Structure formats: structure tokens, C-alpha cells
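What follows is one structure encoded as C-alpha cells, with my remarks underneath.
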Amino acid sequence: MDIKQLQQLQPYLWRFPSKPGEQRGEVLLYGNAPLLISMDDKVLEQIANVASLPGLVDAAITMPDAHWGYGFPIGGVAAFDAEQGGVISAGGVGFDISCGIRCLRSNLNLQDTVSNFSELADRLFKTIPAGVGEEGDIKLNPKQLDEVLQDGAKWAVQHGYGNAAELEYVEEQGRVSSAVPECVSELAKKRQRGEMGTLGSGNHYLEVQVVDQIFDAAAASAFGLHKDQLIVSIHCGSRGLGHQIGTDYLIMLAKAANRLGIHLPNRELACAPIKSLEGQQYIGAMNAAINCALANRQILAHLTRVAFADVFSQVTLETLFDVSHNTCKLETHEINGNSRLLHVHRKGATRAFGPGHSLLPERYRAAGQPVIIGGSMGTGSYILAGCSGNPAFASASHGAGRAMSRRQAKKHWQGRRLIDELAQQGILIRTRSMRGAAEEAPGAYKDVDLVAQATEQAGLARRVAFLRPKICVKG
Amino acid sequence: MSTPDTSYFEHDADIGIIGRGATVEQAFEAAAQAVFAIVTDLDLVQPSTIITIEFEEADLEFALVTWLNQLLGKAREQRLVFSRFHVQHNGDKWRTKALGEKWHAGLERGVEVKGATLTMLSVKQSGPMWEVRCVVDV
């Protein structure tokens with residue numbers, strides 16, 4: 001990205017001025033110069049297009065880990081007011097609706113367990129269905145699947161996957177209301193029947209990590225973290241159901257925009273007014289997919305416990321937090337002194353409520369919401385805490401962000417050799433896809449340290465702990 | 476049967492696919508080859524199972540995305556992977572077939588394709604050739 005096009009407002013905040021005659025809202029980008037320079041120009045083009053959509057409130061925003069996506073850029077945040085003709089966009093949520101991370105804290109330390117890591121890696125790989133073409137053991141009939149779409153992680157707990165107490169540490173307590181299973185196509189439901197409790201492929205993973213560094217002792221204490229502790233992070237989403245909803249509604253919303261006279265600078269922004277029939281149908285289906293993703297991660301957390309218990313009989317794995325980063329949520333935000341109900345799209349961005357927020361569990365209310373920035377399988381991840389006064393609709397980064405395309409990565413790295421090199425560094429990879437491993441090479445991602453630092457410096461969230469990967473199950 | 480003319484273009488997070496052919500139908504078939512070659516090594520897939528997909532769409536660009544997404548949906552629903560494709564097109568009516576087989580241990584595990592998007596979407600005729608392209612989410 002050519003940052004000469006931008007106006008620097010603060011050390012970590014930039015503005016993209018509109019051109020004469022250009023009708024669009026404000027565009028703000030969070031990050032420092034190196035991160036912004038490393039971004040494709042398409043990020044700027046996409047977020048400027050988002051800023052042209054009706055009913056945008058305040059500004060269209062990118063996070064420090066932004067990169068070129070489809071529809072919205074990944075790392076894009078935009079809020080819309082239904083009362084002012086605001087829109088809902090399938091491209092602003094993504095196909096992997098409610099993709100997110102479930103983080104579990106263990107009672108195990110690195111030094112007591114490292115000799116069993118190979119056995120643990122094998123056990124996890126055997127227990128967690130991962131990769132293209134893999135199905136889980138849970139087969140749902142149509143009635144059961146509709147129950148999942150209504151009740152989310154609560155359904156999973158009611159059927160023996162985990163415990164009710166941990167739902168306090170899942171966004172929305174594990175279930176969003178306003179899910180409408182009838183708005184989900186039969187094909188979407190059929191795709192999901194064999195995919196509950198599966199990880200998927202691509203950038204999805206299950207990692208066993210060790211707390212390597214603590215930045216904020218008070219927040220770490222609130223989150224139950226200490227140095228050398230083993231943590232598990234599960235990154236996945238709503239699987240085939242969400243993918244199908246995304247594709248089902250993409251063209252429907254593009255046609256609705258055309259019919260309703262919404263000028264789209266690019267068809268990829270496919271959207272409809274929140275109050276339109278199509279908008280309401282998409283919201284009903286999207287919320288069903290959010291519940292599906294919450295249930296999926298709840299089941300995977302349970303399967304993870306089963307695998308751990310086979311190796312470490314006294315293990316406990318408590319949910320630290322479960323947070324989604326591909327969503328549109330109805331939230332109340334203070335805008336120019338007024339409290340407004342907004343539909344906040346976060347496409348590859350994490351909600352990051354600050355200290356004192358009423359929706360946070362009591363245990364975290366003083367520290368702020370746990371925010372998880374997932375890094376590559378060779379570098380590490382961060383746990384952060386939401387800040388007071390977050391200026392981006394309470395949003396923060398979600399990952400390292402790709403620095404290199406998948407095709408370029410495959411030319412640079414060979415899967416088997418990469419896995420062997422990581423093993424020499426003490427990181428055990430288990431995957432069925434050598435191609436996928438090459439595409440996910442650590443060198444194909446941005447420097448997660450820079451992203452986390454920029455997130456903190458920009459006032460989006462503050463660093464609490466750095467996690468170093470030890471075992472990674474990839475799809 | 477001629478070798479499908481497929482290629483890819485760069486995209487930060489996902490993959491851009493390109494299909495070319497002497498007709499729009501052949502270009503669509505090549506685009507599907509490009510998509511499923513992300514999922515597995517197509518040379519190893521036996522075309523032993525056939526499915527039919529029919530739909531109506533007047534807009535050529537939307538037709539490409541609709542077809543690719545219906546293929547991906549059917550593949551996941553029935554746990555199939557496809558390696559050969561046939562497209563017929565008359566006005567807004569599309570009749571298509573895909574041939575492949577069920578997933579088994581002998582197939583290469585590539586990367587799951589979640590869906591075809593409207594990003595960088597185009598269906599164009601240039602001289603005697605048709606070229607279709609879009610970004611697919613992986």
C-alpha cells in the first residue's frame with residue numbers, strides 16, 4: 001500500500017481522504033507504517049468501497065492485520081444503523097460465519113508434560129476430525145440440527161459436550177437469539193449433518209501452546225494464566241453450514257441491492273438494507289450459523305478434553321474464552337454522546353469490550369474481554385484484553401494476517417520439509433495435507449509481534465500474554 | 476478429451492481461479508477443474524459417480540458463481556470429490572454434470588474450498604476464447 005495516499009492522524013491511526021466528488025464516508029486505518037506498507041492496495045480499495053454503503057456510522061475501519069479479502073477486507077470493521085437505511089452484507093461477515101477461537105487453560109505445566117507431547121499430538125490428531133473430506137462421529141437428523149441452530153453451545157452442553165458453567169466464558173453465553181433455522185437452505189443443513197465437531201482445513205487449527213511471556217500480571221491473573229502453563233486454542237467456524245449460507249445469500253443480496261437501488265461500487269459488496277426482507281432473512285440465517293459455530297467449538301473443546309485425559313489423567317481444561325471474528329452483531333455504542341443500536345460487521349476482527357462492560361463475565365469485568373490474536377504455527381499467538389475507550393466499535397485484530405499468498409507459499413516451502421524443520425524447533429505438526437502445511441508456513445504470515453504491538457499502541461486492546469506453539473493439528 | 480485450460484491468480488488470503496475455453500461452457504468446465512484441483516490431485520480421482528445440477532441464471536457472472544457453489548455444496552453434502560465436468564447452456568437455463576468419487580484414503584488431501592465469491596468475478600470473451608475468473612474462499 002502506498003501510504004502517501006494516507007493522512008497520519010496519530011502514530012497508529014491513518015485516514016484515507018476521499019477524492020473530490022467521491023461520495024463516501026470516512027475511512028480509518030489502524031497500524032504503523034511498516035504494517036500498512038505491507039498491505040495490498042486492494043485493502044484500501046475494498047474499505048473505501050465499504051465506506052460508500054448506505055447507513056454507515058462514523059467510519060469504515062481496518063485493523064492492523066488487515067489484508068485483501070472478498071467483499072470487505074479481512075480485518076475490516078463497519079457499523080450500520082438500520083434506522084438510517086443501513087445495510088447487512090454477506091461479504092462483511094464472510095463464508096466462514098462466526099469463525100473464531102476457543103481458548104482453554106490447563107492445570108498442566110510445560111516441564112511436567114513435554115516428554116508426552118508426541119503421544120498427545122497423536123492422540124489429538126486421532127480424536128479431532130480435521131482436513132478436507134473428514135467427517136465427525138456426530139450425525140444429526142434434521143430436527144437435531146435445527147435444535148443446534150437455535151441453541152448453539154447450549155445444545156452441545158445439554159448433550160454431554162462440556163459443562164454449563166463454562167458457557168459464561170463464551171460470547172453470548174453460547175447462544176445468540178434471533179436465529180431462524182427456516183432461513184437456512186436444505187443444502188446448507190445437509191452439508192452440516194456430518195460436520196459437527198470437525199475442525200476444517202486452511203488456516204484452521206488446534207494448538208497446544210505454552211505461556212511464554214506475561215505482559216500484564218493483573219489481567220493474566222484474572223484470566224487464570226501463568227508462565228509455562230499449557231493452553232489450547234481451537235480455531236474454526238460454522239463449517240459447511242456457514243459456507244453454504246454465505247454462498248446462498250451472496251447472489252440473493254447482490255440482486256436485492258440492485259432491485260432496491262443501492263449503488264454498489266463492486267458487486268462483491270452484495271448487501272441489502274437491514275430492514276428489507278432479504279436483509280432479515282440473511283440475519284436469521286447468519287445467527288443460525290453463529291450458533292452452529294459455537295456448538296462446533298463446544299464439541300471440539302470436549303473432544304480435546306477426552307484426548308488430553310487419555311495422556312494426562314489429572315488434567316483440567318477450563319474455557320478461558322470463546323470469541324468469534326467473522327460476525328455481524330447488534331450492539332449498543334456511544335456515538336458523539338448518543339447511545340445507538342448498530343449492526344457491527346467484523347470481518348476478521350475480534351470484539352474487544354473494555355473493562356466494566358456489562359456483557360463481560362464477572363471474573364473478567366475489571367480486566368476487560370480476552371482478545372485472542374492467533375499467529376502462525378511456527379511463531380505464536382497473543383492473548384490481549386479489551387481497552388477502555390476503544391475507538392473502533394470495540395474491535396481489535398484477530399490474527400497475524402497473511403503476508404504471502406497461498407500459491408506463493410507453496411512455491412517457497414515444501415510441506416514435509418517444513419514439518420521436519422518445525423519438529424527440530426520443538427513444534428509438532430500433525431496434518432493429512434502437505435499442501436496445506438506449505439500454504440500455512442510461518443513465513444507466509446506477517447510478524448504477529450508487530451500486529452500485537454500495533455493493536456496495543458493503537459488503543460484497541462492491551463497485551464496480556466504471549467503463547468508459543470508446541471503441538472499443532474492442522475486440517 | 477482436451478486438457479482443461481486452467482490457471483490461478485494471486486490473492487492475499489484466498490485463491491483466484493481462471494478457466495478458459497473456446498466456448499463459455501468449456502470455460503466454466505475449466506473453472507471447476509481449477510477449483511477442485513485445490514481440493515485434491517484430480518489425476519487420482521475416478522469418475523465413477525455422476526451428479527446433475529440444473530439451475531436458471533441469466534447473468535453469466537452470477538451463473539459461474541452459482542454453478543461453482545452448487546458443485547461445492549453437492550460435493551460436501553455427498554462426501555464426493557469431482558474431477559470431470561460437463562456444462563450445457565441455453566439462454567438462462569444451465570444443465571451441468573459432474574463426475575467423481577467418494578473420499579477415500581488414496582486421495583490427496585489438499586485444502587477445503589468454502590465457496591466461490593463475487594470478488595474479481597468476470598466472464599469475458601476475448602477473440603475466439605472465453606475466460607472466466609473469480610476468487611474462491613479457502
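Read top to bottom, the protein sequences are chains V and C. Per the working numbering, the very first residue in the first sequence carries number 1; after that it's consecutive. Per the working numbering, the very first residue in the second sequence carries number 476; after that it's consecutive. The beta-carbon is built from N, C-alpha and C at its ideal position, and this holds for glycine as well. It should be emphasised that the depicted structure is a prediction, and the values quoted were computed from it without experimental measurement.
| Check | Outcome |
| --- | --- |
| Short CB-CB distance (under 7 Å) between GLY92 of chain V and chain C | no |
| Same chain, Cβ closer than 7 Å to GLU536 of chain C, neighbours up to 5 away in sequence not counted | LEU596, SER597 and VAL598 |
| Proximity test, Cβ basis, 7 Å: HIS486 of chain C and chain V | yes |
| Close-in-space but distant-in-sequence residues of the same chain around ILE138 of chain V (CB under 6 Å, 5 per side omitted) | MET196 and GLY197 |
| Closest by C-alpha distance to SER276 of chain V, when choosing among V:LEU320, V:SER106, V:ILE88 and V:GLY354 | V:ILE88 |
| Beta-ladder partner(s) of TYR483 of chain C, from DSSP | C:ILE492 |
| MET478 of chain V and ARG416 of chain V closer than 7 Å at C-beta | Given a span of 1 to 475 for chain V in the structure shown, any question on residue 478 of chain V remains unanswerable. |
| Collapsed DSSP secondary structure at LEU300 of chain V in the structure displayed | helix |
| Stretch-stretch touch, CB-based, cutoff 8 Å, three pairs: the region 353 to 372 of chain V with the region 286 to 299 of chain V | no |
| Which listed residue (V:GLU456, V:LYS446 and V:ARG351) has its alpha carbon closest to that of SER38 of chain V | V:LYS446 |
| In DSSP terms, what ARG430 of chain V is bridged to | V:VAL473 |
| Minimum Cβ-Cβ distance from ARG584 of chain C to chain V less than 7 Å | yes |
| Strand pairing of CYS236 of chain V, partner residues [DSSP] | V:GLY100 |
| Between the CA atoms of SER405 of chain V and LYS227 of chain V - distance to the nearest angstrom | 34 Å |
| Enclosing beta strand (DSSP E) for PRO11 of chain V [first to last residue] | Per DSSP, PRO11 of chain V belongs to no beta strand (DSSP E) and is neither H nor E. |
| Whole-Å CB distance - LEU250 of chain V paired with LEU593 of chain C, under 8 Å assumed | 6 Å |
| Cβ-Cβ separation, VAL170 of chain V to ALA164 of chain V (assumed contact under 8 Å), whole Å | About 11 Å separates the two Cβ atoms, so there is no contact after all. |
| Nearest-angstrom Cα separation, counted from LEU543 of chain C out to ILE3 of chain V | 37 Å |
| From V:TYR205, V:ALA385 and V:GLY354, residue whose alpha carbon lies closest to that of SER221 of chain V | V:ALA385 |
| Proximal residues to ARG570 of chain C (C-beta, below 7 Å), its chain only, five neighbours per side dropped | GLU529 and GLN563 |
| 8 Å contact criterion, which SER144 of chain V and ARG191 of chain V should meet: CB distance rounded | Looking at the sequence shown, residue 144 of chain V is not Ser but Gln. Not quite, the Cβ-Cβ distance comes to about 15 Å (not below 8 Å), so this is no contact. |
| Extent of the continuous beta strand (DSSP E) to which GLN563 of chain C belongs | 555 to 565 |
| CB contact check: ASP447 of chain C to chain V, cutoff 7 Å | Residue 447 of chain C lies beyond the stretch modelled for chain C, which goes from 476 to 613, so this question has no answer here. |
| Beta carbon proximity, ASP96 of chain V to chain C, threshold 7 Å | yes |
| Distance, ALA295 of chain V Cα to VAL475 of chain V Cα | One point to set straight first is that residue 475 of chain V is Gly, not Val, in the sequence displayed. Looking at the two C-alpha atoms, the distance is approximately 19 Å. |
| Contact list for LYS190 of chain V against chain C, beta-carbon separation under 7 Å | GLU552 |
| Proximal residues, the region 523 to 556 of chain C versus chain V, C-beta separation under 9 Å | GLU532, ASP534, GLU536, PHE537, VAL540, THR541, LEU543, ASN544, GLN545, LEU547, GLY548, LYS549, ARG551, GLU552, GLN553, ARG554 and VAL556 |
| The region 584 to 599 of chain C: positions lying closer than 9 Å to chain V by Cβ | ARG584, GLY585, VAL586, GLU587, VAL588, LYS589, GLY590, ALA591, THR592, LEU593, THR594, MET595 and LEU596 |
| Per-residue DSSP class, three states only, for CYS387 of chain V | coil |
| Cβ distance (whole Å) where ALA82 of chain V is taken to contact ILE274 of chain V below 8 Å | 4 Å |
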